[in-house]
Amino acid sequence: MIDLSPSTLHQLSSPDSRPTSRASQAKSTRRRLFASLAACAAILGLQSASYADVLASLPSGTSALVRIKNLAQTSERLGTQLKAMGLTDWERSLENPLDTITKQAGVDGLIDPAGEIAIAFVEGDGAAVDKAVGLIPVKDYNAFVEAMTKNLSGNNPEAKPAEKSVDDAGIVRIKPQRGEPMFINQWGNYAAIGGSAKAVTRRDGPGLKLDEWTLAQLNNADIGIALLAQRMNQADPDRIKNSINAAEQMAGGAGGPLAQFRQMSAMGSSMMGGTYAGPGVDALTRILPTQLPRVLETFMRDAESAVAGIRFDEANLNITLKSKLVPDSYLAKTLGSITPLEVDPINWLPEDTYLSVSSSRMSAETSTILVNDLIDPLLETLKDSPDDLARVQPYVGPLKELLKAGGPVAAGVLSRPNDPVLSSQIVYVSQGDAAGQKKALLDLFRADENVLKLPPTTTDKPARPNRPAPTTEFTFGEADKTVDGVAFDTIKVEVKRARGPMTGGPSLFQLAAVDNKLVALMNGSDDLASRTLATVQRNEKPYGNMTHIQATAELLPKNSLIISYVQPEELMALGVGVARDLLGFDPKVAIPTQLDPIGAAVSSQDGVISIDVVIPSATINELSNTARKIFNSVVGGGDQPRDDGAL
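Going by our numbering, the sequence shown opens with residue 151, and the numbers climb by one from there.
Structural data, given as structure tokens:
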């Protein structure tokens with residue numbers, strides 16, 4: 151069984167907690183691996199039947215909250231889904247998360263299984279430790295406190311127990327020998343738990359009241375996370391700006407996600423033999439973080455509330471993010487004017503094996519507005535950075551022209567596990583002014599060619615004397631290839647170094663205007679070009695009619711602006727290919743076929759913008775099984791699930 155007692159969780163999080171032997175180290179490692187999984191699963195499984203009760207108990211100043219529904223009911227549903235996913239083969243105790251959590255925490259029989267759990271974050275309460283309070287439904291408050299004290303004391307009988315004290319207001323303080331103290335107070339039928347006495351002090355007056363829309367979204371989720379943006383703005387706008395600025399520094403600073411992306415993009419483009427977009431990518435990834443505060447502040451200003459919800463059943467895991475916008479705000483007016491086009495661009499893609507497929511049903515006018523609202527302020531910030539401006543400006547005009555001439559779009563990244571690793575193959579079809587789009591794309595390649603000739607900025611690393619920087623050669627051909635009577639323009643991009651071409655060889659781009667559609671291929675074969683032309687000219691709809699695609703599509707909103715699918719078996723095949731070709735290791739794993747894809751969609755309607763994600767349970771099951779087989783083949787273990795549920 152998984153040990154999730156407070157003492158164990160405290161030890162796992164303590165920097166001073168170190169195993170003292172190989173056996174204890176192995177046990178600790180296994181606990182660390184599965185405690186996170188089980189804790190997340192248990193949290194997913196906690197639900198509530200009496201939402202009004204816990205809502206009335208939350209402080210009226212709550213600006214963000216986590217609400218979880220009926221404990222027993224959701225634990226059962228979660229256990230059923232985890233079994234369908236195959237995760238209970240890894241850990242038997244996940245079949246009943248509530249039972250596992252309460253027993254391991256030492257509070258078995260003390261939690262009300264028909265109750266609900268909530269966590270509230272209260273603005274204006276000073277230090278961060280004072281802002282969060284969690285409410286747990288308990289049958290016997292005093293017994294619950296004693297159980298928590300016992301578990302925070304640890305399992306070692308020779309260790310000094312946790313110190314418990316009670317102040318005049320009845321607030322319990324439990325201080326373990328290591329770590330921060332825990333504070334508990336009785337709020338009706340709930341045990342309020344927090345990191346300070348102030349956090350668990352009962353507020354006077356009525357509890358939290360939510361508008362009907364926010365409450366409805368929370369009621370539709372097994373787990374709901376609500377951000378009350380307007381309340382947060384009114385409470386402490388300066389703190390929001392400080393938080394956004396901190397996020398900007400984390401994303402763009404040394405070692406942050408954007409810095410890592412810059413390194414990976416330069417390395418990946420070189421390995422693929424594609425355009426070495428170092429100067430352009432480097433400039434953009436330094437500049438984009440400066441726009442993060444503006445984007446987030448706009449959202450916080452224009453959103454009334456946002457709710458992230460997780461809903462699960464035996465067949466699928468559903469994740470939604472919905473935001474209700476303030477009427478007549480910038481975002482409400484901009485997004486409210488977006489109407490999905492009737493055309494389904496996915497039908498323009500030929501039947502094939504794809505890693506991922508995405509499509510957009512937005513008009514050229516909508517795409518242009520959204521991009522202009524991002525690019526124009528970004529260019530304004532570059533006035534004091536002439537080097538960066540010189541690297542970004544050449545792309546702006548062609549990009550705007552491409553959007554202006556375009557419309558609905560479909561794109562698919564093909565899976566070719568037997569081809570050289572990282573040799574991307576992409577098919578792209580866009581409706582609109584096809585000739586205008588083709589010219590704009592050619593202008594983008596010309597801009598890329600010119601930007602790469604610019605001298606390096608002072609922030610770029612100088613080339614080593616014995617390792618000259620790679621150079622990129624562009625070869626443009628006008629109507630120099632014909633497929634099924636259709637002329638294609640070609641662009642060959644090859645990265646070279648002093649000792650020969652980079653790994654992967656050149657990338658070949660092919661562009662053709664077919665009636666009102668642009669057909670573009672990257673590293674595509676003549677057969678792929680021919681099949682794409684057939685779907686575009688005769689509208690055969692082979693891809694959109696594939697059964698496993700339709701199964702996921704039926705679960706996504708029908709009025710989607712953007713929709714995307716990820717084909718899991720092709721992702722697994724790519725992973726096996728990378729292990730084989732780059733690491734010299736062949737897992738010899740049988741890849742399943744025709745799995746329902748993971749789907750995601752963006753939609754906007756009636757002042758609400760939504761992101762919906764559907765993950766089929768059977769797909770997660772196959773991913774789990776494949777991951778286990780690969781892991782076992784690496785460590786040399788067997789492929790049999792545990793029978794005792796023990797770690």
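Glycine included, each C-beta is placed from N, C-alpha and C at the ideal position.
DSSP places residue 298 inside the alpha helix (DSSP H), whose first and last residues are 291-302. Scanning its chain for C-beta atoms nearer than 6 Å, with the 5 sequence neighbours on each side dropped, one finds around residue 284 the residues 269, 343, in chain order. Residue state for residue 630 is assigned as strand, using DSSP reduced to three classes.
For residue 363, the CB contacts under 7 Å within the same chain, skipping 5 residues up- and downstream, are 474 in chain order.
The residue among 632, 592, 318 with its C-alpha nearest the C-alpha of residue 624 is 592.
In this structure, residue 532 sits near residue 538, with a CB-CB distance shorter than 7 Å.
Residue nearest to residue 507 within the set 517, 518, 494 is 494 (criterion: CA-CA distance). DSSP lists 467 as the beta-bridge partner residues of residue 765. Counting the other CB atoms within 10 Å of its CB gives residue 704 a total below 16, which places it among the exposed residues.
In the assembly as shown, residue 736 is an exposed residue. Its beta-carbon has fewer than 16 other beta-carbons within 10 Å. Nearest Cα to residue 209 within the set 742, 353, 767: 353. DSSP places residue 269 in the strand class (E or B) of the three-state scheme. Distance from the Cα of residue 602 is smallest, within the candidate group 644, 590, 565, 589, for 644. Residue pairing by DSSP puts residue 562 in a beta bridge opposite 507, 577. Within its own chain, the residues whose Cβ lies closer than 6 Å to the Cβ of residue 314, once the five positions on either side in sequence are excluded, are 299, 324, listed in chain order.
Ranked by how close their Cα comes to the Cα of residue 747, the residues 503, 684, 525, 775 have 503 in first place. The Cβ-Cβ distance between residue 357 and residue 509 does not fall below 7 Å. Taking 7 Å as the cut-off, the Cβ atoms of residue 293 and residue 375 do not count as close. In this structure, residue 466 places its C-beta atom within 7 Å of the C-beta atom of residue 764.
Taken through DSSP and simplified to helix, strand or coil, residue 220 comes out as strand. By the Cβ neighbour-count rule, residue 227 is buried, with 16 or more other Cβ atoms within 10 Å of its own. Counting the other CB atoms within 10 Å of its CB gives residue 743 a total below 16, which places it among the exposed residues. For the set 379, 320, 327, 566, the Cα lying nearest the Cα of residue 350 is the one of 320. Annotation for residue 750: 714, 763 place their beta carbon closer than 6 Å to its own, counting only its chain and skipping 5 residues before and after. When the five nearest sequence neighbours on each side are left out, the beta carbons in the same chain lying within less than 6 Å of the beta carbon of residue 722 are those of 741, 776, in order along the chain. The beta carbon of residue 484 lies closer than 7 Å to those of 519 in the same chain, with the five residues before and after it left out.
Contact between residue 488 and residue 754 holds, with the beta-carbon distance rounding to 5 Å and staying under 8 Å. With a 10 Å radius around the Cβ and a threshold of 16 neighbouring Cβ atoms, residue 717 comes out buried.
Beta-bridge partners of residue 340 (DSSP): 287, 337. When secondary structure is reduced to three states using DSSP, residue 319 falls in the coil class, being assigned neither helix nor strand. Secondary structure note for residue 349: its alpha helix (DSSP H) is the uninterrupted segment 347-350. Under the three-state reduction of DSSP, residue 770 is assigned to helix. When DSSP states are grouped into helix, strand and coil, residue 516 belongs to the helix group. Counting only the Cα atoms, residue 631 lies some 27 Å from residue 554. Residue 493: not part of any beta strand (DSSP E); DSSP gives it neither H nor E. Contact between residue 640 and residue 658 holds: CB atoms are separated by about 6 Å, below the 8 Å threshold.
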